[in-house]
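Down below is the structure, laid out as structure tokens.
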Amino acid sequence: MRIAIFASGGGSNFQAIADACRAGEIPASVVLCVASSAGAGVCDRAQTMNIPVFVVKGISDPETEELQAVLARHQVDFIALAGFMRKIPGSLVRAFENRMLNIHPALLPAFGGTGMYGSRVHEAVIAEGVSSSGATVHIVDEEYDTGPIVLQESITVLGTDTPASLAMRVLEVEHRLYPKAIDLFARKLIQIRGREVIIQPKS
Ligand code: GAR
571 MRIAIFASGG
581 GSNFQAIADA
591 CRAGEIPASV
601 VLCVASSAGA
611 GVCDRAQTMN
621 IPVFVVKGIS
631 DPETEELQAV
641 LARHQVDFIA
651 LAGFMRKIPG
661 SLVRAFENRM
671 LNIHPALLPA
681 FGGTGMYGSR
691 VHEAVIAEGV
701 SSSGATVHIV
711 DEEYDTGPIV
721 LQESITVLGT
731 DTPASLAMRV
741 LEVEHRLYPK
751 AIDLFARKLI
761 QIRGREVIIQ
771 PKS
């Protein structure tokens, strides 16, 4: 499986996935990094690993044609969104139907949707006073954070948590959960029936 990772930030999830592929833990390779700006930390991580970077200018439909051409040139057959703060246009979602994942830093369907990203999610979780949060890996559909859920893992929200401390503990979960979900796709252990995601046991 040839993966493109889309990211806007520091790229710690990019690193976790790329490392797991390089270590042979996932039968796949990260062949492209798509970044929303040249200054994003993820670009340095990709360059260090000799993974090509494509910086998107905008991501409206005409520009997506160029992006789709770049994806085709690198023979990308799977996309992982890892903190990519732009809406993915419908044409790209449809081209990668059931082959595009996203990670969200909370337990969807709670604390998701428009405007819920990064530290805003953790602020909302703490403000709401819920006792658990965590991470969700889901299939990307044409809305924000609504696609079928592949894997979730929860952690306890501590009374002493700040958005930053919660973000750090959720990220630790993400770095385990995202490579695990991608591995299931790479090994073809996932079947999708409507909103139901069926996971075959690893033999
Ligand atoms: C991660 O916590 C990811 O779940 C979140 O952005 C962070 C990126 O961190 N994504 C969203 O909030 C999407 N709604 P990273 O750049 O270190 O991987």
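Those letters in the sequence shown? Residues 571 to 773, per our numbering, in order. Glycine included, each C-beta is placed from N, C-alpha and C at the ideal position.
Check: On the three-pair Cβ rule with 8 angstroms, is the region 684-692 touching the region 607-625?; Outcome: no
Check: Between Phe681 and the ligand COA, is the CB less than 7 angstroms from at least one heavy atom?; Outcome: Within the structure as shown, the ligand COA is missing, the only ligands being the ligand GAR.
Check: Take Ile762 and list the residues in its own chain whose beta-carbon comes closer than 8 angstroms to its own, dropping the five residues that flank it on each side.; Outcome: Asn668, Ile709, Pro718 and Ile768
Check: Looking at the unbroken alpha helix (DSSP H) that takes in Thr730, where does it start and where does it end?; Outcome: Careful: Thr730 lies outside any alpha helix (DSSP H) and carries neither H nor E.
Check: Do Val743 and Val695 come within 8 angstroms of each other at the CB atom, strictly closer than that value?; Outcome: no
Check: Residues in its own chain within less than 6 angstroms of Gln770 by CB, not counting five upstream and five downstream?; Outcome: Leu759
Check: Check whether the Cβ atoms of Val600 and His644 sit closer than 8 angstroms, and answer yes or no.; Outcome: no
Check: Could you check which residue in Gly579, Gly580, Ala586 and Gly581 has the C-alpha nearest to that of Ile752?; Outcome: Ala586
Check: Within a Cβ cutoff of 8 angstroms, which residues of the same chain sit near Phe584, ignoring the five residues on either side of it in sequence?; Outcome: Ile575, Ala577, Val600, Cys603, Val612, Arg615, Ala616 and Ala652
Check: For the beta strand (DSSP E) containing His708, list its first residue and its last residue.; Outcome: Ser702 to Ile709
Check: Would you mind stating whether Pro659 and Arg757 have Cβ atoms separated by less than 8 angstroms?; Outcome: no
Check: For the ligand GAR, I want to know if Leu741 counts as a neighbour, meaning its beta carbon is within less than 7 angstroms of at least one of the ligand's heavy atoms.; Outcome: yes
Check: If distances are taken between C-alpha atoms only, which option among Val740, Tyr748, Tyr714 and Gln638 comes closest to Gly683?; Outcome: Tyr714
Check: Per DSSP, what are the beta-bridge partners of Phe648 in this structure?; Outcome: Ile573
Check: Using 8 angstroms for Cβ pairs, my map puts Leu736 next to Ser703. What's the rounded Cβ distance?; Outcome: 6 angstroms
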